[in-house]
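Following: one structure in structure tokens, then a few remarks.
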Amino acid sequence: MRFRHCQHIRRALDFVSLKSSGKRINCGSFVVLWQLRPEETGLPRLGLVASSRVGNAVVRNRAKRIFREIFRLNQEKLPKHCDLLVIARSGVTESAYSEVEGRFLKACDRISKEASQMKPNDEDMPS
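Residue numbering for the sequence shown follows the numbering used here, starting at 4 and increasing by one per position.
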């Protein structure tokens with residue numbers, strides 16, 4: 004499946020929302036913040052942060068490319084209305100791709116479980 008333009012989180016408001024009210028999963032060399040959007044349609048979205056502590060521009064861009072590819076290949080494992088923010092930490096590019104992907108998939112499984120438990124509560128709430 005493609006990583007479409009509409010799946011990129013770019014607005015500062017979306018980043019702030021994820022950082023303030025998103026749920027946090029620590030995956031060692033990166034952190035995943037996630038939250039569900041109110042609408043249940045659409046595709047999962049991804050935002051990436053790699054600060055200068057991760058390394059120079061080449062290293063930061065490599066980290067972002069790795070996460071975009073992992074997301075592209077595994078996005079069907081996430082709820083359709085989920086926003087993810089991946090914050091890369093130093094050392095992420097030194098880890099093996101399979102190790103980073105494995106940690107990301109564990110985070111996806113946890114997100115799917117928690118999101119499925121949240122759905123009944125969201126439906127009970129009055130509109």
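All C-beta atoms in this analysis are idealised placements derived from N, C-alpha and C, irrespective of residue type, glycine included.
Residue environment, residue i, which counts as buried when at least 16 other CB atoms sit within 10 Å
| i | result |
| --- | --- |
| V95 | buried |
| D86 | buried |
| C111 | buried |
| Q10 | buried |
| P47 | buried |
According to DSSP, residues forming a beta bridge with residue i
| i | result |
| --- | --- |
| F33 | A91 |
CB-CB length for residue i against residue j, believed under 8 Å
| i | j | result |
| --- | --- | --- |
| L51 | V89 | 5 Å |
Beta-carbon proximity list for residue i, same chain, < 7 Å, skipping 5 on both sides
| i | result |
| --- | --- |
| A53 | R63, A66, K67 and A91 |
| G45 | K83 and H84 |
| M4 | R75, Q78 and E79 |
6 Å Cβ shell around residue i - same chain, five flanking residues per side excluded
| i | result |
| --- | --- |
| I73 | E104 and F107 |
| V19 | none |
Neighbourhood of residue i by C-beta distance below 8 Å, restricted to the same chain and skipping five residues each side
| i | result |
| --- | --- |
| I69 | V95, T96, Y100 and V103 |
For residue i, the nearest candidate out of the options (CA to CA)
| i | options | result |
| --- | --- | --- |
| A118 | A15, G25 and R13 | G25 |
| I114 | S55, R56, V57 and C30 | C30 |
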